[in-house]
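Engineer:
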Amino acid sequence: MKNLIDKLHQENFLSAEEFHRLLANRSQEDEEYARNLANQVRQQVHGNKIYVRGLIEFTNYCKNDCFYCGIRRSNREAQRYRLTEEDIMTCCAEGYELGFRTFVLQGGEDPFFTDEKIVHLIQEIKKKYPDCALTLSIGEKSEESYRAFREAGADRYLLRHETADPRHYRRLHPYEMSCEHRKNCLRTLKKLGFQTGAGFMVGSPLQTIDDLVEDFLFLKDLDPEMVGIGPFIPHKDTPFAEERRGGLEDTLFYLALLRLMLPYVLLPATTALGTIHPKGREMGVLSGANVVMPNLSPVSVRKKYMLYDGKICTGDESAQCRSCLSGRMQQIGCEIVTDRGDYKKK
Ligand code: SAH
199 MKNLIDKLHQ
209 ENFLSAEEFH
219 RLLANRSQED
229 EEYARNLANQ
239 VRQQVHGNKI
249 YVRGLIEFTN
259 YCKNDCFYCG
269 IRRSNREAQR
279 YRLTEEDIMT
289 CCAEGYELGF
299 RTFVLQGGED
309 PFFTDEKIVH
319 LIQEIKKKYP
329 DCALTLSIGE
339 KSEESYRAFR
349 EAGADRYLLR
359 HETADPRHYR
369 RLHPYEMSCE
379 HRKNCLRTLK
389 KLGFQTGAGF
399 MVGSPLQTID
409 DLVEDFLFLK
419 DLDPEMVGIG
429 PFIPHKDTPF
439 AEERRGGLED
449 TLFYLALLRL
459 MLPYVLLPAT
469 TALGTIHPKG
479 REMGVLSGAN
489 VVMPNLSPVS
499 VRKKYMLYDG
509 KICTGDESAQ
519 CRSCLSGRMQ
529 QIGCEIVTDR
539 GDYKKK
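Count along the sequence shown starting at 1, add 198, and that's the number in our numbering.
#1: Check the C-beta distance from K324 over to G351 and give it rounded, since I have them as a contact under 8 Å.
#2: Unbroken beta strand (DSSP E) runs of length 3 or more, entirely within the stretch 258-318: which are they?
#3: Could you spell out where the beta strand (DSSP E) holding R442 opens and where it closes?
#4: Which whole-angstrom value is the C-beta distance of R520 and P496, which I expect to be below 8 Å?
#5: Mind checking whether the beta-carbon of L357 lies closer than 6 Å to any heavy atom of the ligand SAH?
#6: Hey, which unbroken runs of the alpha helix (DSSP H) at 4 residues or more fall wholly within the stretch 460-515?
#7: For T361, does the three-state DSSP call read helix, strand or coil?
#8: Is it the case that the Cβ atoms of L456 and L465 are separated by a distance below 7 Å?
#9: What are the boundary residues of the alpha helix (DSSP H) that A214 is part of?
#10: How far does the alpha helix (DSSP H) with K388 in it extend, from its first residue to its last?
#11: Assess contact between the stretch 447-463 and the stretch 407-427, defined as three or more Cβ pairs (one per stretch) separated by less than 8 Å. Is contact present?
#12: How is A352 classed by DSSP in three states: helix, strand or coil?
#13: Are R348 and L390 close, meaning C-beta to C-beta below 7 Å?
#14: Which first and last residues belong to the beta strand (DSSP E) in which L332 is found?
#15: Check the DSSP bridge columns for M399 and list the partner residues they point to.
#16: Would you identify the three-state DSSP class for F347, choosing helix, strand or coil?
#17: Relative to the ligand SAH, is the shortest distance from any of its heavy atoms to the C-beta of F430 smaller than 6 Å?
#18: Who are the near neighbours of V317 in its chain, counting only those whose CB is closer than 6 Å to its CB and skipping five residues on each side?
#19: Considering only heavy atoms of the ligand SAH, does any lie closer than 6 Å to the CB of Y259?
#20: Assign P432 to one of two classes, buried (16 or more other C-beta atoms within 10 Å of its C-beta) or exposed (fewer than that).
#21: Does DSSP put E374 in a helix, in a strand, or in coil?
#22: Given 8 Å as the limit, is there contact between the stretch 260-270 and the stretch 371-389, that is, 3 or more CB pairs closer than that?
#23: With respect to the beta strand (DSSP E) encompassing E338, which residues constitute its N-terminal and C-terminal limits?
#24: Rounded to whole angstroms, what's the CA-CA distance from D329 to D537? Just pull it up for me.
#25: Would you list the residues sitting across from L253 in a DSSP beta bridge?
#26: Straight-line CA distance for T468 to F430?
#27: What are the partner residues of Q528, as DSSP defines its beta bridges?
#28: State yes or no: is the C-beta of T361 within less than 7 Å of the C-beta of G305?
#29: I need the DSSP call for K325, collapsed to helix, strand or coil.
#30: Counting along the chain, where does the beta strand (DSSP E) carrying E533 start and finish?
#31: Would you report the Cα separation of R219 and M199, rounded to the nearest angstrom?
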């Protein structure tokens, strides 16, 4: 298997058959080999720099009903909230003080936030913080909406594809949602000039090796600027409450393969990874990740943005999250940097 890992490192590509062979047959030793190699590539390309993005979870209302997600519309137990524009601006101000130069506005697909409201928000943030990058993560919209957001000044957009296999997609989402539509959204975002982030959940129910092969091939083809992956973690008030969570070793191995396949990509060590292991995010960085996304949401709403059970950092102030992560990165020889951290191909 090492020769396949080397090939991915050298050629940044494997065929479907090769990916399948690697995913199906790798040993623990192969995983370690890939992780070390990916860590070297991360260092060669990005040095010791870890980019930081301030995450503002501004609404947990959602019109969608994804089976895995704790803020799905059918979850009557979720306490719903929306931040006001003023709240959001306060989060940005705090974040700016703490050195953040990227803000990520993430939320459920909340019809209350019309395009006009989002455009206004983008304009306000970009006017006040012209030196900051603004990322949106608010789901599937029309091309016109995405264009309006882009013209208002949004720089980046995160929309995980969740799984690239249409049949698997059906098992995770209600009938009105489709894999093809989500992939098309990603292509539209790229076309409009967003730095675009895709990604998938590791170990989501019924995920097969073939599905994962599809994920890698789709990502190679899309060539996104960012890729977010993290373990699936069950939420008690969803249809997947009794399902198993995704694996730590699997997540780290796939992070490593992504770094080898897309050397320049921005790759977060996600909160979900930090949730399944106390050192999950550090291990993620040592497997090739180069981004962390501490939470800037007001503490009063943190516990309400519960996508899955046990989510970490729900009690901490923004400043605590920021300094906790700086400390964690320093301990593994890395340094959090506060520039915008745009995608660059050298
Ligand atoms: N509404 C936005 C943001 C979704 S939340 C959108 O559609 O993009 C961000 C990500 O959290 C999702 O893309 C999904 O990959 C992840 N997520 C949701 N539920 C999860 C769970 N139970 N375990 C792990 N990750 C989950």
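Beta carbons are placed, not taken as given, at the ideal position from N, Cα and C, and that holds for glycine.
Structural biologist: Taking the geometry as given:
#1: 4 Å
#2: 300-305
#3: No beta strand (DSSP E) contains R442, which DSSP labels as neither H nor E.
#4: About 15 Å; that fails the 8 Å criterion.
#5: yes
#6: 469-474, 478-483 and 497-500
#7: coil
#8: yes
#9: A214 to N223
#10: C377 to K389
#11: yes
#12: coil
#13: yes
#14: A331 to S335
#15: G428
#16: helix
#17: yes
#18: A346 and A350
#19: no
#20: buried
#21: coil
#22: yes
#23: No beta strand (DSSP E) holds E338; DSSP gives it neither H nor E.
#24: 9 Å
#25: V302 and N493
#26: 11 Å
#27: BP columns for Q528 are empty, so no partner.
#28: no
#29: helix
#30: E533 to V535
#31: 8 Å
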